[in-house]
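*Asks:* Reminder that position 89 of the sequence shown reads as 107 in the working numbering, one-by-one numbering, no gaps. All C-beta atoms in this analysis are idealised placements derived from N, C-alpha and C, irrespective of residue type, glycine included.
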Amino acid sequence: MFTAWTTGDIHGIGPEVILKSFQELDHNVCSPLAVGSAEALRYYNRTLDLGVTIAEFDSFRDLENDNGLAHDALPVISVAEPAGPLSPGAISPEAGHIAMKAIDTAARLCLEKRVRAMVTAPVHKEAIAQAGYANTGHTDFLAELCDVPNPIMLFHDQSSSLTIALATVHIPLLSVPGLIRSMDLESFLLRLSSSLQTDFNIDSPRIAVLGLNPHASDGGVIGSEEETVIAPCIEKLSENELIEGPFPADGFFGAGMFRNYDAVVAMYHDQGLLPFKVLSFETGINVTTGLPIVRTSPDHGTGFDIAGLGRASSRSFIEAAILAERIADNRAAKSKFKR
19 MFTAWTTGDI HGIGPEVILK SFQELDHNVC SPLAVGSAEA LRYYNRTLDL
69 GVTIAEFDSF RDLENDNGLA HDALPVISVA EPAGPLSPGA ISPEAGHIAM
119 KAIDTAARLC LEKRVRAMVT APVHKEAIAQ AGYANTGHTD FLAELCDVPN
169 PIMLFHDQSS SLTIALATVH IPLLSVPGLI RSMDLESFLL RLSSSLQTDF
219 NIDSPRIAVL GLNPHASDGG VIGSEEETVI APCIEKLSEN ELIEGPFPAD
269 GFFGAGMFRN YDAVVAMYHD QGLLPFKVLS FETGINVTTG LPIVRTSPDH
319 GTGFDIAGLG RASSRSFIEA AILAERIADN RAAKSKFKR
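Structure follows, in structure tokens:
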């Protein structure tokens, strides 16, 4: 069964890393189906002299009806094509439209169970906004499409044994304390635990929760959220769940305590992503948990500064592709067991 790989922003490194990943991955591990712009893939294939055989299709139905697809050919469903020459490194509403059209198509194929998972190459938020989309990121777009109000943005790296989930995502730092006080932190932690069990096959996941304030507020001296919100929630859940904290973020990562836990909950974006990218820049993976579909992506951006130069690394995308297959396998096994 195919796994959909979306081409991302066609002026970035997405098409390049897809082509390289297709060359380097064992096709017995996964069966990739690129979704997006076939012309962009042909352009980078030709420009970088990668030598990948590309087979273009207008729809999944056309692909299903094709009996002559070569084993070494990358099938591509063309959802939209650029009107003119590609401009690597340029912000373009046309590129933003193609990127989102690819995501929409791949997600619907997942929902229809025609593909088993989707792996998304990076998109550019400004290009997407210029294309007229209100949701300029994968997570919010997929949440609305799948009718899931609160999916969890999770970052995983197998090599460093580090998994970080974000309690709040892309919001101004000024808004974080109020959102932490008003959010249903208990539900968030329970959903995270459930996702770790289902998607990562961890029977009794151990979760560490970071504090919001410096030194986790030093007993209420520097802020009150730890004593009034975070600690009471952890204490309530710890009767049935392996949840501990709140921990001061600096000492927690400095001492390598993350190695003792299956996941770490960061209160805001940079609290979690800064240490993650320091420790896992080449191999980090972004996973959207809590959706009815499997979605992973490499933990890097569009790389406009190196687009079209042949310098993009495929390592993170390959790790994301392998993890998508593993999560799909875990979900299938759990579903079979429930029957």
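Check each candidate in Thr306, Gly150, His233, Ser256 and name the one with the smallest Cα separation from Phe271.
*Replies:* For this step, residue 271 is matched to residue 253 along the sequence shown. Residue His233 is the option with its Cα nearest to Phe271.
*Asks:* Can you tell me whether DSSP reads Met136 as helix, strand or coil?
*Replies:* To locate residue 136, count along the sequence shown from 1; it is residue 118. It is a strand residue.
*Asks:* What do you get for Ile116, buried or exposed, if any count of 16 or more other CB atoms within 10 angstroms of its CB means buried?
*Replies:* In the sequence shown, counting from the first residue as 1, residue 116 sits at position 98. Under this definition Ile116 is a buried residue.
*Asks:* Pick out the complete beta strand (DSSP E) segments inside the stretch 204-259, 3 residues or longer, and give them in chain order.
*Replies:* If we require 3 residues or more, the beta strand (DSSP E) runs fully inside the stretch 204-259 come out as 224-228.
*Asks:* Assuming Arg313 is part of the beta strand (DSSP E), what are its boundary residues?
*Replies:* Translated into positions along the sequence shown, residue 313 becomes position 295. Unbroken beta strand (DSSP E) run through Arg313: 313-316.
*Asks:* Taking the alpha-carbon positions, what's the Ser332 to Glu42 distance?
*Replies:* As a working mapping, residue 332 is identified with position 314 in the sequence shown. As a working mapping, residue 42 is identified with position 24 in the sequence shown. Near 9 Å, if we compare the C-alpha coordinates of Glu42 and Ser332.
*Asks:* May I have the straight-line CA-CA distance separating Thr154 from Ser110, to the nearest angstrom?
*Replies:* Start at 1 with the first residue of the sequence shown, and residue 154 comes out as number 136. Start at 1 with the first residue of the sequence shown, and residue 110 comes out as number 92. For Thr154 and Ser110, the distance between alpha carbons rounds to 14 Å.
*Asks:* Considering only residues of the same chain and omitting the five flanking positions on each side of Val247, which have a CB-CB separation below 7 Å?
*Replies:* Walking along the sequence shown from the start, residue 247 turns up at place 229. Closer than 7 Å at the Cβ level, and outside the excluded window around Val247, lie Ile198, Arg199, Leu203.
*Asks:* Out of curiosity, what's the CA-to-CA distance linking Ser96 and Ala120?
*Replies:* Here residue 96 corresponds to residue number 78 of the sequence shown, with the count starting at 1. Here residue 120 corresponds to residue number 102 of the sequence shown, with the count starting at 1. Taking the straight line joining both Cα atoms gives about 8 Å.
*Asks:* Apart from the five residues on each side of it in sequence, which residues of its chain come closer than 7 Å, Cβ to Cβ, to Phe40?
*Replies:* Working through the sequence shown from its first residue, we reach residue 40 at position 22. Correct list, in chain order: Pro50, Val70, Leu92.
*Asks:* Report all residues from its chain with a CB closer than 7 Å to the CB of Ser362; omit the five preceding and five following residues, and keep chain order.
*Replies:* As shown, the chain starts at 19 and ends at 357. That puts residue 362 outside it, with no answer to give.
*Asks:* Pick from Leu192, Ile72, Met285: whose alpha carbon is nearest that of Gly86?
*Replies:* Numbered from 1 along the sequence shown, position 68 holds the residue referred to as residue 86. Nearest C-alpha to Gly86: Ile72.
*Asks:* So who's on the other strand from Phe265, going by DSSP bridges?
*Replies:* Along the sequence shown, read from residue 1 onward, the residue named residue 265 stands at position 247. Leu228, per the DSSP bridge assignment.
*Asks:* So Ile303 and Thr314 are in contact, right, with Cβ under 8 Å, and what is the actual spacing, rounded?
*Replies:* What you label residue 303 is simply residue 285 of the sequence shown in a count that begins at 1. What you label residue 314 is simply residue 296 of the sequence shown in a count that begins at 1. Between Thr314 and Ile303 the Cβ distance is about 6 Å, and since that is below 8 Å, they are a contact.
*Asks:* Using the beta-carbon count (16 or more within 10 Å), is Gly326 buried or exposed?
*Replies:* Position 308 of the sequence shown, counting from 1, holds the residue named residue 326. Classification of Gly326: buried, given that the 10 Å Cβ count is 16 or more.
*Asks:* So Leu228 and Gly263 are supposed to be a Cβ contact under 8 Å. How far apart are they, rounded?
*Replies:* What you label residue 228 is simply residue 210 of the sequence shown in a count that begins at 1. What you label residue 263 is simply residue 245 of the sequence shown in a count that begins at 1. Rounded, the Cβ-Cβ distance is 7 Å, consistent with contact.
*Asks:* Need the endpoints of the alpha helix (DSSP H) that His115 sits in, please.
*Replies:* To locate residue 115, count along the sequence shown from 1; it is residue 97. Start and end: 111-129.
*Asks:* Following the continuous alpha helix (DSSP H) through Gly32, name the residue where it begins and the one where it ends.
*Replies:* Counting from one through the sequence shown, the residue named residue 32 turns up at place 14. From DSSP, the alpha helix (DSSP H) with Gly32 extends over 32-42.
*Asks:* Assuming Ala338 contacts Pro316 under a Cβ cut-off of 8 Å, what Cβ separation, rounded to an integer in Å, is found between them?
*Replies:* Taking the sequence shown and counting its residues from 1, the one referred to as residue 338 is at position 320. Taking the sequence shown and counting its residues from 1, the one referred to as residue 316 is at position 298. Indeed, because the Cβ distance is near 5 Å, the residues count as touching under 8 Å.
*Asks:* Just grab the DSSP bridge partners of Ala183 for me.
*Replies:* Indexing the sequence shown from 1 puts residue 183 at position 165. BP columns for Ala183 point to Leu172, Val283.
*Asks:* Check whether chain C comes within 8 Å of Ile252, counting only Cβ atoms and requiring the distance to be less than that.
*Replies:* Reference to chain C is not applicable here, since this structure consists of a single protein chain.
*Asks:* Below 6 Å CB to CB, which residues in the same chain sit around Asn128 once its five sequence neighbours on both sides are set aside?
*Replies:* Position 110 of the sequence shown holds residue 128. According to the sequence displayed, residue 128 carries Cys and not Asn. These residues qualify, in order along the chain: Met136, Ile311.
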